[in-house]
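Chains as they are written, first to last, in this note's numbering: chain R, 45 to 394; chain G, 45 to 394.
For glycine and all other residues, C-beta sits at the position ideal for the given N, C-alpha and C.
What follows is a short report on a single structure.
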DNA sequence: TTGTAAGCGTTATCAT
DNA sequence: ATGATAACGCTTACAA
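Here is the structure:
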């Protein structure tokens, strides 16, 4: 009867060695397929390990090896629909190589970010996939030093860390050009936080598209959002308001710099009984699951979220394997996804 | 100038002790506020630690303490909209108490579940929050033994593990009763996998509601789904099909046992130009973010996902602190959220 | 091929 | 109040 020793008593390599009638050194070699071990010894060790339901203590091992086989994923909030796919990508790629991933939600608070980094250093994680928010790059490196490798995802920093991102300028350009190609000229933007490169870059793409089409940039058409649904609603509200008061401020389309804000904007538009896309067209950014179930379904700029996660983890492993590699940077391409929220232009104020 | 020693050289307690001019024992006591240490010694140690940017090696500590201050969250897929909130709850509650959480995605594969459990045992995690799928309870305990505490979330098992769940029978009852109260009598169900207690229980709630209302249970109105969007679409397709062929099979409402399937069903209904809720009413389960942006917005049974996560982690910590506690079980209440996808009955076949 | 023993960074015991 | 020192579980020279 094979019970597999379910009693849970933690066995050490000493007990395995003893049962196998060899020294711990030999047991270790056998268990790790390292150095010389006779076939007989090896099989006796393996059998003993099986009988005792031996599970190596990786913490103990990390003490000698200096490696923990653990990485961390530090992001603002898994609950933000952008991140689960990234997280899944990271975890898949990491576990494929035998690494575990510790999840940390910072809410974008520099304080929490710093706390987590300190904790991670104490844990001697081998690497960190980091979507930071406000923590200055210098601060990051002052905390983790070179105790672990780090790869930035969807962020850009002065510090020489590896980066995985998508081309946000291009994405902003794609979204805006799409609107322009539909005949829109009065295009508002609900931007992300301008303190974030993602926020800035997408806005830059918007300006580039305008410029290329010869449409003058109108400051009053941009309102800074916060990448959150409620923020999007509020921003759209502002836009509608200002449009009411000042017909010169009318708009026929809006580019919301992420889908969450686009959904919020949609809500505001609906409340004011402004038809989308016939009166106001709208395009979002990210292509989260929500985007394809709203009514109208949201046109958006898709980011390869899962791939970003996978790439980030792989890049991190590479960096860990070779700390002297030159700085790596991977810029993925965003992709325009046209659905129902954008349509040929028909002028109308908000 | 305070640099905080960003050089990243890992410092040990020996170096701290040396700089402070004390023994490691004293340094350890000072650092941990344990045992007797003179004020002077303590402050010298603390200062030394600061100067050297000392970060304790928790892996080394766990070697002596036997505790890793790490728990794991094992679930099918973070990418499933039900889980991020749970994950966030677990992480918040855990980190509040100084625990880190390792994330594991199993895709509901017994093989992956077993692999992860073995890995987690090797890591000596103090506890596991587990949303298992098919792994028999006995198998779980044979792998982890009592090497870590475990709390089941949203699952029920024969093994005597602690549990955090919501009352699924009640939830199914709520959803169905709501439909019945609207005058529906031909109510189809798109159930979850019947191998899962969640699947079974919600279906039971459906039957209970029918029974209480004196509506005969009609086997042909239940089709087993898989909790996924595409599965929901396919199931609805089947229902429509069968309804076409056999007028006696007509239905005026459907209870989809989770929102993802409800959204899929919505899609199918839309493709067939069947109006929701006027021709067919539909109610989902979970109240994920998607539910409030579909058109029509989805009526659903909400589960307190975040709270489930928090509770699970807290329960786990309690269990870890006291392995001899009697089995704990927390059953939260689901809540009916009425939106636009349900409406007074008007008969119509699918 | 195998075993002894040192060492990894901490904590805890036991003297002092 | 403080300091040696053993112990935690493992790997790895170095010997044998």
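Item: Boundaries of the beta strand (DSSP E) in which residue 80/G is found, first to last residue; Value: Careful: residue 80/G lies outside any beta strand (DSSP E) and carries neither H nor E.
Item: Pairwise C-alpha distance: residue 346/R and residue 368/R; Value: 33 Å
Item: Contact under 8 Å by Cβ, residue 257/R with residue 284/R; Value: no
Item: Extent of the continuous alpha helix (DSSP H) run through residue 215/G; Value: 212-225
Item: Short-range partners of chain G found in the region 299-323 of chain R, where Cβ spacing is below 7 Å; Value: 307
Item: Test item: CB-CB of residue 208/R and residue 172/R under 8 Å; Value: no
Item: is_contact[residue 51/R, chain G] using C-beta, thresh 8 Å; Value: For residue 51/R, the predicted model reports a pLDDT of 46, less than 50, meaning its position is unreliable and no value from the coordinates is stated.
Item: Residues bridged to residue 343/G [DSSP beta-bridge criterion]; Value: 327/G
Item: Integer-rounded CB distance, given that residue 237/R should sit under 8 Å from residue 270/R; Value: 6 Å
Item: Unbroken beta strand (DSSP E) run spanning residue 169/R, endpoints; Value: Premise fails: residue 169/R is in no beta strand (DSSP E) and is neither H nor E.
Item: Simplified DSSP assignment, three categories, for residue 209/G; Value: strand
Item: Contacts around residue 165/R, its chain only, beta-carbon distance under 6 Å, and the 5 residues preceding and following it disregarded; Value: 188 and 191
Item: Short-range partners of chain R found in the region 263-283 of chain G, where Cβ spacing is below 7 Å; Value: none
Item: Status (buried if at least 16 other CB within 10 Å, exposed otherwise) for residue 155/G; Value: exposed
Item: Outcome for residue 48/G when other beta-carbon atoms lying within 10 angstroms are tallied against a minimum of 16; Value: Below a pLDDT of 50, predicted positions are generally treated as unreliable, and residue 48/G, at 33, falls in that range; the measurement from the model is reported next regardless. By the 10 Å Cβ count, residue 48/G comes out exposed.
Item: Contacting residues, own chain, Cβ-Cβ under 8 Å from residue 324/R (five flanking each side not counted); Value: 295, 296, 297, 298, 313, 318, 392 and 394
Item: Cross-chain neighbours of residue 72/R in chain G, by beta carbon under 7 Å; Value: By Cβ distance, chain G contributes nothing, its closest Cβ being about 15 Å from residue 72/R, past 7 Å.
Item: Min CB distance residue 54/G to chain R below 8 Å; Value: yes
Item: Counted within 10 angstroms of its Cβ, other Cβ atoms place residue 108/G as buried (16 or more) or exposed; Value: exposed
Item: For residue 295/G, the three-state DSSP class (helix, strand or coil); Value: coil
Item: is_contact[residue 167/R, chain G] using C-beta, thresh 8 Å; Value: yes
Item: Same chain, Cβ closer than 7 Å to residue 71/G, neighbours up to 5 away in sequence not counted; Value: 57, 60, 61, 64 and 89
Item: Distance between beta carbons of residue 75/R and residue 93/R, contact taken as under 8 Å; Value: 6 Å
Item: Residue 113/G to residue 234/G span [Cα, whole Å]; Value: 42 Å
Item: Residue 76/G at chain R interface by Cβ criterion, 8 Å; Value: no
Item: Residue-chain proximity (residue 121/R, chain G), Cβ-Cβ < 8 Å; Value: yes
Item: Strand pairing of residue 379/G, partner residues [DSSP]; Value: 346/G
Item: Exposure of residue 78/G, with buried meaning 16 or more beta-carbon neighbours within 10 Å; Value: exposed
Item: Neighbourhood of residue 179/R by C-beta, 7 Å cutoff - its chain only, sequence neighbours within 5 removed; Value: 154, 157 and 158
Item: Residue 352/R: contacting residues in chain G (beta-carbon distance under 7 Å); Value: Simply none; closest approach about 14 Å.
Item: Nonlocal neighbours in the same chain, by C-beta distance under 7 Å from residue 389/R, ignoring five residues either side; Value: 226, 227, 228 and 296
Item: Beta bridge counterpart(s) of residue 117/G as assigned by DSSP; Value: 147/G and 173/G
Item: CB-CB length for residue 141/G against residue 378/G, believed under 8 Å; Value: Not quite, the Cβ-Cβ distance comes to about 28 Å (not below 8 Å), so this is no contact.
Item: Check whether residue 212/R and residue 246/R have beta carbons under 8 Å apart; Value: yes
Item: Simplified DSSP state of residue 196/R, which is helix, strand or coil; Value: strand
Item: Cβ shell of residue 336/R (< 8 Å), same chain only, five flanking positions each side left out; Value: 342 and 383
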